[in-house]
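Those sequence lines, one after another, are chains G and A.
With the numbering used here applied, the first sequence covers 2 to 300.
With the numbering used here applied, the second sequence covers 2 to 300.
Backbone N, C-alpha and C fix where the C-beta goes; we use that ideal spot for every residue, glycine too.
A quick note: this is a predicted structure, and the numbers were derived from the prediction, not measured.
Report on the structure given below.
Number of protein chains: 2
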Amino acid sequence: MKRIGFIGVGTMGEPMAANLLKAGFTVIILGHRNPAPVERLVAAGAQKAQTPAEIASQTDVVMLCLPNDAVVEEVILGANGILAGGREGLIIVDTSTISPLTSQRLAKIVAEKGMTLLDAPLSGGQTGAIAGTLAIMVGGPREAFEKVRPVLEAVGKNITYVGENGTALVVKLGNNLIVAAEAVAIAEALTLAKKAGIDTGLVHKILSAATARSWILEEKVAASVLKGDLKPGFKLSLMHKDVGLALDLAKAQGTPAFITALVHQLYTQALGLGKGDLDSIGISQLYEEATGVDLRAGN
Amino acid sequence: MKRIGFIGVGTMGEPMAANLLKAGFTVIILGHRNPAPVERLVAAGAQKAQTPAEIASQTDVVMLCLPNDAVVEEVILGANGILAGGREGLIIVDTSTISPLTSQRLAKIVAEKGMTLLDAPLSGGQTGAIAGTLAIMVGGPREAFEKVRPVLEAVGKNITYVGENGTALVVKLGNNLIVAAEAVAIAEALTLAKKAGIDTGLVHKILSAATARSWILEEKVAASVLKGDLKPGFKLSLMHKDVGLALDLAKAQGTPAFITALVHQLYTQALGLGKGDLDSIGISQLYEEATGVDLRAGN
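Structural data, given as structure tokens:
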């Protein structure tokens with residue numbers, strides 16, 4: 002387990018691949034539409050390959066960090082995909098946030114080839130990826146999890162085995178629906194207060210010492226909404242996708258999902274208004290624009 | 002400022018009045034439909050009076066900890082109310098969560114009598130009231146706030162002056178709408194996970210180390226939903242009232258309040274189903290009953 006493939010060296014993937022290199026792994030990455038991270042990783046010692054099949058033929062573990070279900074499916078099942086090049090025993094560690102239903106379906110196909118798929122979604126954002134402190138949840142066969150644990154420990158902390166394939170993704174979608182709901186609720190609370198003439202910096206200080214306190218309020222809102230800095234972190238378009246996946250899951254289960262459904266509508270609206278490339282916390286702009294208030298502290 | 006009146010010695014008020022006694026204040030309380038807390042406080046050294054007017058005539062500060070707008074209005078303006086007995090200079094510290102619009106209206110009437118009303122809502126629940134660690138937000142004239150600060154310091158920590166009358170209540174309603182939205186979002190996330198076969202204790206552990214972490218998740222859900230212990234704390238019926246007040250405020254301001262409105266509907270439904278005396282976190286039962294899952298850990 003010393004040769005690791007890494008496919009998807011974007012916002013999250015690049016620092017994860019860099020941490021694997023620092024930990025002494027041989028890392029083979031795929032060319033990417035954005036050449037800059039590929040060049041930086043090659044300069045740091047990574048090798049470069051042309052197709053997922055080529056990567057799979059040279060490695061024991063292939064990590065994926067990809068934007069959506071379709072891309073993950075293409076990278077695994079496509080003509081030059083991982084299954085076309087991988088040997089028996091290969092473990093695919095998919096850190097992408099995709100549908101647990103998709104992941105379960107892919108896991109069966111992968112298993113028929115004598116390989117293993119693990120769903121290993123992340124929490125902690127780009128900051129956590131850079132620091133190597135990501136929380137990682139893992140679903141799939143436990144033996145495969147134990148084999149790749151040293152690899153996961155090079156990129157994260159709080160590494161938890163959840164259960165069978167797809168279960169880690171269910172927990173991840175739960176995490177993100179809570180975060181998205183918090184972002185909306187905080188935006189409403191800040192807007193109510195600002196409309197009543199109260200500085201949002203003061204509101205933030207009080208709520209951070211009260212029962213409304215949360216990671217989103219204390220860390221995220223302080224660094225973004227209060228400063229008017231909505232560059233991503235975690236893009237609104239990705240949060241829209243994740244909350245949509247949670248809603249799909251609820252529908253498939255027959256679970257009522259009132260707040261998930263509403264939050265999905267609001268993120269759909271924000272996406273339609275061109276806010277997809279803001280950080281997901283930028284949902285607050287819907288409230289600023291509808292009321293004319295400025296949610297930055299000290300304004 | 003050594004003689005303090007206290008009206009409303011219920012779940013929150015009783016431990017607050019007890020902490021005032023411990024801090025050396027003379028405390029005069031009102032008889033209450035539930036005699037037990039009155040008897041306990043008298044045994045601890047409190048004096049007892051028959052009407053708010055009688056309390057006001059003997060004290061410099063009267064603290065209120067009452068369930069709703071109508072009761073606060075009656076206690077202040079009623080035939081034997083505070084205004085009927087109080088002297089000029091009396092300060093009323095209303096720790097009740099009521100409408101900021103009501104508090105502003107009452108503050109004007111109180112000021113016409115040469116007295117002062119402060120809105121001083123609390124955060125921290127019964128645990129915080131007992132420990133004397135409540136967060137207290139204060140709205141109203143700043144000079145009056147400075148005069149009663151030693152009284153507030155006997156019952157809480159994190160005491161913050163917010164601004165003019167009603168502003169502290171606006172922040173408090175913001176706090177509670179966030180908390181209520183979190184309770185619903187967490188219930189949906191736990192139900193999705195449990196339906197997928199994942200133990201809620203494990204989900205809770207993972208989310209508590211991830212970006213979804215919050216006081217509600219880490220402290221409240223752990224002590225209640227996961228143990229199946231929904232005795233209040235903070236009653237669902239009171240949360241229903243508070244989210245309704247936030248919705249009224251949003252309507253009066255012309256602020257969109259999507260999540261506040263939805264959460265209010267869910268709490269209205271839970272109230273109608275007879276869950277008003279559960280803790281507010283008991284909104285989770287709506288999901289358990291609709292899906293047949295048991296959200297307790299280890300089940």
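Should residue i be labelled buried (16 or more other beta-carbon atoms within 10 Å of its own) or exposed?
i: N300(A); result: exposed
i: D243(A); result: buried
i: P151(A); result: exposed
i: D295(G); result: exposed
i: L118(G); result: buried
i: N232(G); result: In the sequence on display, residue 232(G) carries Lys and not Asn. K232(G) should be labelled exposed.
i: M17(G); result: buried
i: K109(A); result: exposed
i: T212(A); result: buried
i: E289(G); result: buried
i: L274(A); result: exposed
i: T60(G); result: buried
i: D95(G); result: buried
i: K173(G); result: buried
i: D70(A); result: buried
i: G157(G); result: buried
i: A253(A); result: exposed
i: T168(G); result: buried
Taking 8 Å as the threshold (C-beta atoms), are residue j and residue i in contact?
i: A190(A); j: G90(G); result: no
i: L263(G); j: I284(G); result: no
i: L22(G); j: P101(G); result: no
i: A155(A); j: N35(A); result: no
i: S58(G); j: G87(G); result: yes
i: A237(A); j: L287(A); result: The residue you asked about is not Ala; residue 237(A) is Leu in the sequence shown. No, they are not a contact pair.
i: A121(A); j: L78(A); result: no
i: F259(G); j: G126(G); result: no
i: A186(G); j: I179(A); result: yes
i: V204(A); j: I282(A); result: no
i: M116(G); j: I99(G); result: no
i: L218(G); j: A247(A); result: no
i: A85(A); j: T201(A); result: no
i: W216(G); j: R143(A); result: no
i: I83(A); j: V63(A); result: yes
i: L31(G); j: A44(G); result: no
i: T256(G); j: K276(A); result: no
i: P38(A); j: G11(A); result: yes
i: A132(A); j: M13(A); result: no
i: I207(A); j: T103(G); result: no
i: T261(G); j: A271(G); result: no
Residue i lies in the alpha helix (DSSP H); which residues open and close that run?
i: R150(A); result: 143–154
i: Q270(G); result: 259–273
i: V76(A); result: 70–78
i: V43(G); result: 36–44
i: L193(G); result: 168–196
i: L21(G); result: 14–23
i: A85(G); result: 83–86
i: E89(A); result: E89(A) -> no alpha helix (DSSP H), and no H or E assigned at all.
i: T201(A); result: 201–209
i: E289(G); result: 285–292
Looking at the strands, I want to know which residues DSSP matches up with residue i.
i: S238(A); result: In DSSP, S238(A) forms no bridge with anything.
i: M138(G); result: T161(G)
i: V94(A); result: M64(A), L119(A)
i: A50(A); result: L31(A)
i: S124(A); result: A136(A)
i: S215(A); result: S215(G)
i: D280(G); result: K236(G)
Considering just the uninterrupted stretch of the beta strand (DSSP E) at residue i, what are its terminal residues?
i: T27(G); result: 27–31
i: I99(A); result: That residue, I99(A), is in no beta strand (DSSP E); it is neither H nor E in DSSP.
i: G6(A); result: 4–8
How close, in whole Å, do the beta carbons of residue i and residue j come, if the pair is a contact with beta carbons under 8 Å?
i: I199(G); j: G164(A); result: 6 Å
i: R41(A); j: T27(A); result: Not confirmed; about 17 Å, so no contact.
i: S97(G); j: L67(G); result: 4 Å
i: V76(G); j: P53(G); result: 5 Å
i: M240(G); j: N177(G); result: 7 Å
i: V139(G); j: M2(G); result: About 15 Å separates the two Cβ atoms, so there is no contact after all.
i: A182(G); j: A182(A); result: 5 Å
i: E74(G); j: L107(G); result: 7 Å
Using 7 Å as the cut-off, classify the Cβ of residue i as near or not near the heavy atoms of the ligand ADP, replying yes or no.
i: P151(G); result: Questions concerning the ligand ADP fall outside what the structure shown contains, since it holds no ligand whatsoever.
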